[in-house]
Amino acid sequence: MRNLVATGRESAAGASAGAGAAAGAGASQRPKSTWRELLQSRVLALRFAVVAWCWAVTTFVYYGLTINSVSLSGNKHVNFALTMSMEIAACLLIMMALERIGRKLCILMAFLLCGVACVSPFFVSHEGTLLGLFFVGKLAIAFAFNSLYVFTVELYPTHARSSALAACSLVGRIGSALAPQTPLLNRNVQAIIYAVCSGSAALVVLLAPETRAARLPQRVSDAEVLRSQQPPLQPAPPPPPPRRVLSATDK
1 MRNLVATGRE
11 SAAGASAGAG
21 AAAGAGASQR
31 PKSTWRELLQ
41 SRVLALRFAV
51 VAWCWAVTTF
61 VYYGLTINSV
71 SLSGNKHVNF
81 ALTMSMEIAA
91 CLLIMMALER
101 IGRKLCILMA
111 FLLCGVACVS
121 PFFVSHEGTL
131 LGLFFVGKLA
141 IAFAFNSLYV
151 FTVELYPTHA
161 RSSALAACSL
171 VGRIGSALAP
181 QTPLLNRNVQ
191 AIIYAVCSGS
201 AALVVLLAPE
211 TRAARLPQRV
221 SDAEVLRSQQ
231 PPLQPAPPPP
241 PPRRVLSATD
251 K
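Going by full-length UniProt numbering, the first residue of the sequence shown is number 1, and it counts up by one from there.
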């Protein structure tokens, strides 16, 4: 009996010691803080600055154009309804373009198109044409806005993905806070600001990698070397030669 009790105490002590060692090992292997780990990587820190600027520009231009749509010529209610209908068209275009063309190129083209549409009042005087170009600019910036959600989450490792998206969206709200002040400016000044911001975002997004067909990064090291793994387009192989059917004489 005494031997059994002693053996039980020894086994309990061994189990508690093993649990303590496992806990210590787990604490030593605990991952670093998410933001400390990201900011220690120059690649990911630069990537965060790039994406955050794109978010700030997108929200500034998006809400600025939405607010100023009621000051266009014609019925302001119809103009606002048409402006918001560009959201539907942008979502349809996203479904067709992101997988075929790529996230980076689509966002780049959207920023460039928006910048050109915003600066057009300096070169076009026809009211109908100006109204159409305004809707084109709203379509382009809505396309960029919705595409950034997909692009942002694909740039960061798994444990930091949601935090990075939230941080970029938080920085972007600076633009949405400044947008209501734009009606106080002259219309030409607004056009210049929107065009310059959109052009700068188009240049900055060139620093980010393409993520189309790329595996989602699991670790920081994976995110640092992230690039599209889409294979280059290859010509279709020639069809195999037709099989010859043996006739009775050949047999």
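Virtual Cβ for every residue (Gly too), placed ideally from N, Cα, C.
Given residue i as reference, the closest of the options once Cα atoms are compared
| i | options | result |
| --- | --- | --- |
| residue 109 | 144, 120 and 129 | 144 |
| residue 141 | 221, 42 and 195 | 195 |
| residue 123 | 48, 192 and 45 | 192 |
| residue 200 | 56, 95, 43 and 48 | 56 |
| residue 210 | 225, 176, 197 and 81 | 225 |
| residue 43 | 157, 186, 212 and 197 | 157 |
| residue 106 | 212, 34, 216 and 222 | 212 |
| residue 112 | 126, 177 and 197 | 197 |
| residue 135 | 120, 204 and 41 | 120 |
| residue 132 | 69, 48, 223 and 38 | 69 |
Reduced DSSP secondary structure (H/G/I, E/B, other) of residue i
| i | result |
| --- | --- |
| residue 198 | helix |
| residue 157 | coil |
| residue 263 | In the structure as shown, the chain begins at 1 and stops at 251. Residue 263 is therefore absent and cannot be evaluated. |
| residue 61 | helix |
| residue 111 | helix |
| residue 151 | helix |
| residue 188 | helix |
| residue 68 | helix |
| residue 75 | coil |
| residue 210 | coil |
| residue 183 | helix |
| residue 50 | helix |
| residue 162 | helix |
| residue 136 | helix |
| residue 310 | The requested residue 310 does not occur in the structure, where the chain is confined to residues 1 to 251. |
| residue 219 | coil |
| residue 169 | helix |
| residue 122 | helix |
| residue 128 | helix |
| residue 175 | helix |
| residue 41 | coil |
Exposed unless 16 or more other CB atoms sit within 10 angstroms - verdict on residue i
| i | result |
| --- | --- |
| residue 91 | exposed |
| residue 138 | buried |
| residue 100 | exposed |
| residue 189 | exposed |
| residue 104 | buried |
| residue 155 | buried |
| residue 23 | Residue confidence for residue 23 is low, a pLDDT of 42 falling below 50, so the modelled location carries little weight and cannot support an answer. |
| residue 79 | buried |
| residue 148 | buried |
Alpha-carbon to alpha-carbon, residue j and residue i
| i | j | result |
| --- | --- | --- |
| residue 71 | residue 85 | 17 Å |
| residue 36 | residue 130 | 48 Å |
| residue 208 | residue 93 | 22 Å |
| residue 58 | residue 173 | 10 Å |
| residue 116 | residue 128 | 17 Å |
| residue 46 | residue 181 | 29 Å |
| residue 206 | residue 184 | 33 Å |
| residue 61 | residue 97 | 22 Å |
| residue 186 | residue 218 | 48 Å |
| residue 252 | residue 152 | Absent from the model: residue 252. The displayed extent of the chain is 1 to 251, so no value can be given. |
| residue 177 | residue 81 | 23 Å |
| residue 88 | residue 95 | 11 Å |
| residue 125 | residue 114 | 18 Å |
| residue 150 | residue 161 | 11 Å |
| residue 220 | residue 204 | 22 Å |
| residue 83 | residue 40 | 42 Å |
| residue 74 | residue 118 | 19 Å |
| residue 215 | residue 179 | 36 Å |
Indicate whether the contact test is met: 3 or more Cβ pairs, each with one atom in the region 49-57 and one in the region 165-181, closer than 8 Å.
-> yes
Are the region 150-165 and the region 59-75 touching by the rule of at least three beta carbon pairs closer than 8 Å?
-> no
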